[in-house]
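*Asks:* Once you've had a glance at the structure underneath, I'll fire off some questions.
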Amino acid sequence: MTELVVTTATDGGEVLADAARVGNKFARQEVLRRAGFRVPEFFCLPAAAFDEALDALRPSLPAEPADGADRAQVESWCAAAREALVGARLPVALAERIRKEFAAVAGPEGLVAVRACVVPAAAGAGADGAADAPETDGGDGADTADGADTADTAEAIGEDSAVDPFAGMSDSFLYVDEDGLEDAVLRCWASAFNPQAVRYRTLRGLDPLRARVAVGIQRMVLGTRSFVAFTRDPRDGAVRRVVAAAYGIGEGVVQEKADIDHFFHDPATDEVTALTVRKQWSMGLPEGAAAGAPVLLPVAGELADVPVLDDGQVRAVAELAARVEELFGVPQDIEGALTEDGLVHLLQARPLVTAPPTATAGTAPATGTATADAAPEEPGNDQVYWGNHNITESFPGVSGALTFSQSREFYRRSFTDLYRRMGVPESWVRDNAHRLARMVGYLEGQVYYRLDDWHALHGQMPMFELVRRGWEQAMGITGPARGERRWSAPAVALALPRLAWRSALHPWQVKSFLRWWDRQMAEAETIGDSPEELIAFYRRLWERAGERWGVTLVNAFIALVVLGAGSVLLRRWTGEGPQVLVGLMGGGRENRSLEAVRAAMGLAELVGAVPELRAAVLDDASDPEQLWQQIVEGHHGAAVGDAARGYVARYGDRALHDLKLEEPTPRQRPWTVLALIRPLVRQGATVAANRADEQAAARKARERLHEVLPNPVRRAVLLGVTSLARDLARIREDTRFCRTQLFGLSRDVMWRLGAELARTGVLDDALDVADLTVEEVIGAFDGTGTVTDLRALVALRRTQRERWAKNPQRPALLGTPAGLPFARALPGASAVGTAAAADDGLLRGIGSSGGVVRGRAKVVLDPSTDPDLAVGRILVARETDPGWLFLMMSATGMVVERGTLLSHTAITGRLLGVPTVVAVPGATAIPDGAWIEIDGAAGTVRLLPPSEQPAEPDEPEVSDGTASAATTAPTDGTATTEKGDRT
């Protein structure tokens, strides 16, 4: 008779140690328990119990799809099976048995963790669920009773295997009491048929109908501190123990919801180093609850700055991890918890997959590192360098496959045109097409520049030597990632006439480009809805763009030359830093980005002039979609309706993250314009006042130049240089707006094609195209696609993207080992360069818009933050893109970790007259709400001590612009409020 509940007492551990029956997760726990490790008591319902439960329900289920059935039939049957399992009841005898074992491991009032584990599918299993042998990639892979693993490369395909972890595919439940036990078991079984699991198995070539789940029920350890530990440094595979620990239970560490300290233990020296943070949150049982799902809980104030583990505890955890590695024979990733009595409990262990460490000269590479395949040959010390210092303005955070594929195409086409225009031989460009195709990389969802290819490609232009230093600064390139000089001074001199000729032609070429682009936008209005028309338009658009977009990059090149020349002249003639040059770049003709801002201001003025409409816009309870419809239908006046429709028609592609094709813009969600203009309505912002502020800032900059440079001839030269720089900056913003529209047209085409794929049942939802590449979307229509089950591919990529989104932010500049498959190289990535620590308490960056302002910091990591929350605050962010304009307009100052003098943040700060400092390492570590002072000319940020903080309410009331949390300091030391004059 098959045993449906297995404990150490019933079989001596023989079944519990068999991964083919209880899964890799629980089999390893039994091996660890028998080896003497402190593993909490547990028992299992092996896969056979799942088989019997499903067999009992088969008569009520639809007929099982035959071999070769289409995906829709398979998914329909799996959904029915899942629903049936969730709604089922355990047989009386089984329910009584698990309650008995529950009492044995947890006590009558205790709590348990109930976890599912995908078990290797049984070969030859039929409708009756009989199992002949486990489904493997070449071996059983079960943990053997003597405690040794078979090779991980031959481990059975199931959850927590080294071959395929099935991460996130099955369910687990914590803090379960006896009353919730039966429901938790049934839901664990049902998770075998979770939609994402079904599609994932389909994509992996595994039969979803043969999915099997074991359930482990383990005494819940009420840890006060929890940890995850690695016996190798996962960044480079070095023999170094790494421990991540947080207060509360381990879900806070694993899901990265708690605040986590990191510890590093060197087994050779026994030295412990720590990287700690201020702890505000842990995870645990809700206060006062006897059972239930874990929640975020505040960390006690006295523990906030205390390391989660002391050095002795770190060494104890490191020793525990080393003993687990010794048992299984390969590097390990373990999870555990410390209880109030100080005991360390081991909860899970699995093989750690890392890249092999790079051996130093004369040192043999470390052995014993587990990889998904045999370890590759040592690649040596060569590094591939990656940077995202300024590309995060365009593609922040994790991007979908659609966005990355479009960005890759953009860089390939536009830079091919740049090199053609700058005289690089066509034959060389063709021979280096592989470099153009990988100018950007996809590092677990984050878009990075591949810097070695940028160096090689740009290095073909002799004129590049004129701007290399400024370009590397703009790209955030330092240390060994910097390139070497390729051209001699005479070669550069010979290239100067060509650059001069190119610069002379540039204004005419820009005008031609902008006229051409406006024609493309007009043509887009005439395109029909059929997939054939949409695809043909998309292909034409990008083919044409590839022949012209190099003009915009020539502009950036010339701008770097001009800025460099201006900075040199300013320094030689006045001894001043670039802040004077920055101020002189303000004013001038409006660019298209600024036109968008002032169009929004104009709309806000019209809204504010209609009292009932103003009240509705400022009322959080208003339905924005309904209110927008009333506006465009003229219910609040023809002028407001015309302005609203005109704004979306002209500027509807401008939004937060407007180059990320998975993100909607006002073109798709026009009512979101109301959220953008709300702070402008509240502040009473006007176009006239904004223009006056800009002109006043430019006038002050000219007055300052007159003071520091009395020589009229030199002053005229410098004014001429800055006038040219201002024109180039305007062109940059004009063409960036065109780029926004280019991606906006692409978004529109892809979303419309997605809607057709959803309508015809190929996808579940139109926006599922976010997890497909451009060619996969188009290939679904024109017969060039290589994947027919796009649903399964979307499910895989979505699961992957959601997992990546939980990862910590990677360094802006990093290196990976060369010569390895990228999946093996990326775990060995290491940061390049470190920020120099100031000894005067100041954070330093690049001053990009002059003025000194004091105020409370508003740290914004999620750009969807309501702009109202930035009113009167100093905005602090990692990076911005053009879609942040409305947040910027609400702020009295800006501090950003990324950026350059020509970045969007810097230009916008100057246009708005807002003191701005960019390229400030670690800026987002400033506490939200802290009083700070920024100097937009000197490029400094200072946290104010209590003695210098104004005596104002902690949370100033937001009104029509009459109250603010910020003050600005003119040169005479007096203070003005809100948007007063800035030094």
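Everything in the sequence shown is counted per our numbering, starting at 10 for the first residue and increasing by one. Glycine is no exception: its CB is placed at the ideal position from the N, C-alpha and C atoms. None of the values given here were measured: they were computed from a predicted structure.
#1: Spell out whether any CB of chain B is found under 8 Å from the CB atom of Leu728.
#2: Can you tell me where the beta strand (DSSP E) holding Gly345 begins and where it ends?
#3: Tell me whether Ala840 sits in a helix, a strand or coil according to DSSP, three-state version.
#4: Taking the CB atoms as reference points, tell me whether Val904 and Val885 lie closer together than 8 Å.
#5: Can you tell me whether Asp188 is helix, strand or coil according to DSSP?
#6: So who's on the other strand from Tyr256, going by DSSP bridges?
#7: Counting beta carbon pairs with one atom in the segment 82 to 92 and one in the segment 187 to 205, are three or more of them shorter than 8 Å?
#8: In this structure, how does DSSP classify Gln357 when only helix, strand and coil are distinguished?
#9: Using DSSP with H/G/I as helix, E/B as strand and the rest coil, what is Ile536?
#10: Can the beta-carbon of Pro826 be found less than 8 Å from the beta-carbon of Gln392?
#11: What does DSSP give as the partner residues of Asp944 in its beta bridges?
#12: In angstroms with no decimal places, state the Cα-to-Cα distance between Gly8 and Pro817.
#13: So Gln227 is in the beta strand (DSSP E); what residue range does that whole segment cover?
#14: Please name the residue or residues paired with Phe111 in a DSSP beta bridge.
#15: Considering Cα atoms alone, identify which of Val616, Leu822, Met229, Ala706 is closest to Gly293.
#16: Closest by CA to Val83, which one among Glu344, Val758, Pro204, Val690?
#17: Give me the Cα-Cα distance between Leu627 and Leu683, rounded to the nearest whole angstrom.
#18: Determine the direct distance from the alpha carbon of Asp192 to that of Ala139, and round the result to whole angstroms.
#19: Taking all protein chains shown into account, decide if Ser899 is buried (16 or more other Cβ within 10 angstroms of its Cβ) or exposed.
#20: In this structure, does DSSP put Met610 in helix, strand or coil?
#21: Just how far apart, CA to CA, sit Lys867 and Arg882?
#22: Inspect the beta-carbon positions of Cys53 and Leu70 and report whether they are closer than 8 Å.
#23: Where does the unbroken beta strand (DSSP E) through Thr925 begin, and where does it stop?
#24: Taking the alpha helix (DSSP H) that Met759 belongs to, which residues open and close that run?
#25: Residues in the same chain with beta-carbon distance under 7 Å from Thr744, minus the five sequence neighbours each way, listed in chain order, please.
#26: Ala254 and Val263 - do their beta-carbons sit closer together than 8 Å?
#27: Quick check on DSSP: helix, strand or coil for Glu453?
#28: In the structure shown, what three-state DSSP assignment does Pro385 receive?
#29: Check each candidate in Ser755, Glu474, Arg581 and name the one with the smallest Cα separation from Val501.
#30: Are Ala238 and Val252 closer than 8 Å when you measure CB to CB?
#31: Classify Pro434 as helix, strand or coil using the three-state DSSP reduction.
#32: Can you grab the Cα-Cα spacing for the pair Ala300 / Lys34, in whole Å?
#33: Taking buried to mean at least 16 other C-beta atoms within 10 Å of its own C-beta, is Glu493 buried or exposed?
#34: If contacts are defined as beta-carbon pairs under 8 Å, then Val758 and Leu543 qualify, I think. What distance do you get, rounded to the angstrom?
#35: Exposed or buried, Ser521, counting other C-beta atoms within 10 Å across all chains shown (16 or more means buried)?
*Replies:* According to the structure shown:
#1: Among the chains in the structure shown there is no chain B, since it carries only a single protein chain.
#2: Going by DSSP, Gly345 is part of the beta strand (DSSP E) stretching over 341 to 347.
#3: DSSP places Ala840 in strand when its eight states are reduced to three.
#4: Yes.
#5: Here Asp188 sits in helix by DSSP.
#6: DSSP output for Tyr256 lists Arg234 as bridge partner(s).
#7: Result yes; three or more Cβ-Cβ pairs closer than 8 Å.
#8: Strand, per DSSP.
#9: For Ile536, the secondary structure class from DSSP, reduced to helix, strand or coil, is coil.
#10: A contact, by the Cβ cut-off of 8 Å.
#11: According to the DSSP secondary-structure assignment, Asp944 is paired through a beta bridge with Val861, Thr949.
#12: This structure gives no information on residue 8, because the portion of the chain shown stretches from 10 to 992.
#13: Start and end: 221 to 228.
#14: As computed with DSSP, Phe111 is found in no beta bridge at all.
#15: Of Val616, Leu822, Met229, Ala706, the residue nearest in Cα terms is Met229.
#16: It is Pro204 whose Cα lies nearest to the Cα of Val83.
#17: Taking the straight line from one Cα to the other gives about 9 Å.
#18: Confidence at Ala139 is low in this model, with a pLDDT of 35, below 50, so the placement of that residue should be treated as unreliable; the coordinate-derived value is given next. Going from the Cα of Ala139 to the Cα of Asp192 covers about 25 Å.
#19: Result: buried.
#20: Helix, per DSSP.
#21: Spanning the two alpha carbons is a distance of roughly 6 Å.
#22: The beta carbons of Cys53 and Leu70 sit no closer together than 8 Å.
#23: 925 to 927 is the extent of the beta strand (DSSP E) around Thr925.
#24: Where Met759 is concerned, the enclosing alpha helix (DSSP H) stretches over 721 to 768.
#25: Hits under 7 Å: Thr561, Asn564.
#26: No; because the gap between Cβ atoms is not below 8 Å, this pair is not in contact.
#27: In this structure, Glu453 counts as coil in the three-state DSSP scheme.
#28: Caution is warranted here: a pLDDT of 33 is assigned to Pro385, below 50, making its placement in the model unreliable, and the coordinate value is therefore given only provisionally. When secondary structure is reduced to three states using DSSP, Pro385 falls in the coil class, being assigned neither helix nor strand.
#29: Cα-wise, what sits closest to Val501 is Glu474.
#30: For Ala238 and Val252, yes; Cβs fall inside 8 Å.
#31: Coil at Pro434, not helix or strand.
#32: Annotation: Ala300 to Lys34 spans about 24 Å, alpha carbon to alpha carbon.
#33: It is exposed - the Cβ of Glu493 has fewer than 16 other Cβ atoms within 10 Å.
#34: Between Leu543 and Val758 the Cβ distance is about 5 Å, and since that is below 8 Å, they are a contact.
#35: Burial state of Ser521 is exposed, judged by a 10 Å Cβ sphere holding fewer than 16 other Cβ atoms.
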